[in-house]
Structures are given as C-alpha cells and as structure tokens.
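To keep things clear, I will list the structure first and then write my remarks on it.
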Amino acid sequence: MPRLAVLGHPVAHSLSPAMQSAALREMGLAGEWTYEALDVSPEDFAKVVCGLPEGGFAGANATIPHKRAAFEIADDASEAARAIGAANTLSFDSSRIAAENTDAPGLIAALPERPSGQRALVLGAGGAARAAAWALAQEGAAVWVWNRTRSKTERLARELEARPVEPEATHRSLQVGRYQIIVNATSVGLEPSTREGADLKHLHLDADSLTDNHLVVDLVYTSTQTELIRAALAGGARIVEGREVLVQQGAASLRIWTKREPPIETMRRAISLKTETGAVEDDG
Ligand code: ATR
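Residues in the sequence shown are numbered from 546 upward in steps of one, following this note's numbering.
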C-alpha cells in the first residue's frame, strides 16, 4: 500500500492532505494509497527523506521550508527543478530519489490561456517567483521581474531569462500598462493588511492602472480575497487565485505518482470546504 505525504515545518495547516486524499478517494485508490502530513524540521529533513522508501512511501510533496533541500537530496532532478533550484515533488523508486517541480506546470495549468507571446511581470524573487518566471519564459512569455531586494531581482533575471524592472521614479510605482500578465509571487497578502492599500503599496502597484487587459495571478491564498485580487476585479481584470495554482500543482504531483488523471473539481471542492471551515492557510 503506497504512502504519500507532504513534508513541511510547520505542516499542520497544510491543505494538501485533505485535497490529495479527496482525489485518491474519487480515483478509487483510497484503499491502496494514503496521503498524510509529516512535520519535519530542517535538521531532520535528509534523514527522514532517506527513511521514507523503507517506510512504504512512494513519494512526497515538499513545502516550506524544504523545497531547496528536496532538490538537493535528489539523485535525479527534472529540468524544471534544476532551473528553479527547488523541488516540491519527490518520487522514490529502486533506491533512487527523483525530484520534480510541479509549481511551474501548476501555474501554467491554472491560467485561462497559454501565455505565449505575452508580457508578464513577476513580483518576488524567492522560490515561488523563480518557478513562475521559469514557467512563463518556457511557455514563450516575455518575463520581467521586480523584487523588494534588488540584488535578488538581478540574480533571478540573470539565471532565468527574465529582465529586472524598478518602479518609475516619478510615480514610485511599476508601470502595469506594459504587461498583460501580473503574478504576485511574494508573501505580501498572506497576513491581513493593516490598512486598505497597504499590500498594493508594498508591491508598488497602482491599483487604478489594472484594467480588463490584465490577467492577475496571486499565488498567495487566503480564505478571503487578497487585496491584489480585489483591486484586479475592481479594474475589470481576469484573475487566477492561489488556490487554483495549489490544486493544479497537487494534480501534477498525483499524475507523476499514480500515472492517472486526478479529479480537479473534487480537489477544488476539498480546498473550498477546508478553507470555509476555517482552516489556516499555508503553502502546499
Ligand atoms: P517563497 O519560496 O515562497 O518564494 P521566500 O523565498 O521567502 O518564499 O520569498 C518571499 C518573497 O516575498 C521575497 O521575494 C520577498 O522579498 P525580499 O527578497 O526583498 O525579502 C517578498 N516579500 C516579503 N515581504 C515583502 C514586503 N513586505 N514587500 C515586498 N516584498 C516582500
């Protein structure tokens, strides 16, 4: 009976066990496969992962703070994991560990259309931003990146076919009119903002400039709409919320492990149920 898990620290509030278990049930695999949450400290990560195959695990998702370590421990890593430098999906097979990054295909699958030929602005330069920038560039979008810490913007741009941008000196905001796709891959919005407009200020976005020409993706997911999503909707933009990307990355992981097509709608429902009943939001 193959076991699966999400490895995180903390992990108690992860939405993945509810989402993945619902999918396994719907696929008729609940009697064969299990999916659980394992709280693993960074110090114990390597030891725990190496013991998983013996414990009957066929694979695991890695979430904060383990995505880099998951990539580093693998014997084989996919092109996406290598380029991004992080992995969220491990598979154990005949004493080898394979690493994949399904955050990248998960983002693309969550978009209403292929981003090829579009201009995209990615906000952030952490692991989530690297996955977004790489995925969009792979799909043929032209990618610009802004991050609060400039040195990290430049590193990401150099390594991942993106261009660095800075807010215009005169308006102190990013010129969103130049882009069709805007992706928030920072953690801004995760905590409820203290003041209306504070999140958009942190992101240097001029809310009034968001229009129906934009597709706005917020990788942050909370039980209520983020300020960025609210501003995007108010401007008439199309939106993709973080929970849809979560569902799609989870589905991509399940596809790798089970080689079967996961039930996306069931996974969406499981997430809604969990967030509506007051679960705290968490990555993965
Ligand atoms: P992840 O792996 O999920 O991407 P991370 O590596 O901790 O997480 O990245 C968090 C991102 O949110 C970073 O880009 C961070 O900017 P810095 O590189 O300057 O730290 C960004 N971030 C966090 N708080 C922010 C804030 N108040 N304003 C702007 N950006 C913020």
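For glycine and all other residues, C-beta sits at the position ideal for the given N, C-alpha and C.
Check your understanding: With which residues is P709 paired in a DSSP beta bridge?
Key -> V690
Point to revise | Alpha-carbon spacing of A591 relative to R814, whole angstroms | key: 34 Å
Check your understanding: What residues sit near the ligand ATR, counting only those whose C-beta is closer than 7 Å to one of its heavy atoms, in chain order?
Key -> I609, K612, G669, A670, G671, G672, A673, A674, N692, R693, T694, K697, A730, T731, S732, V733, H747, L748 and D828
Check your understanding: Does the beta-carbon distance from S631 to A615 come in below 9 Å?
Key -> Checking the displayed sequence, the identity of residue 631 turns out to be Ala instead of Ser. Yes, these two residues count as a Cβ contact at 9 Å.
Check your understanding: If you draw a straight line from the C-alpha of V761 to the C-alpha of A782, how long is it?
Key -> 7 Å
**Study point:** C-beta contact flag for V585 and H554 at 9 Å
**Key:** yes
Exercise for review: Would you list, in sequence order, the uninterrupted alpha helix (DSSP H) runs of no fewer than 4 residues that lie entirely inside the stretch 721 to 794?
Suggested key: 743 to 747 and 772 to 779
Point to revise | Candidates I642, I726, L750 and E704, of which the one nearest R693 by Cα | key: L750
**Study point:** Candidates R717, T715, T698 and H716, of which the one nearest R708 by Cα
**Key:** T698
Practice item. Note down, in chain order, each residue of its chain lying with its Cβ closer than 8 Å to the Cβ of D744, except the 5 sequence neighbours on either side. Key: V733, G734, S738, T771, E772 and L773
**Study point:** N646 - partner residues in DSSP beta bridges
**Key:** N646 is not bridged to any residue.
Exercise for review: Buried or exposed for P587, please, with buried defined as at least 16 other CB atoms from any protein chain shown within 10 angstroms of its CB.
Suggested key: exposed
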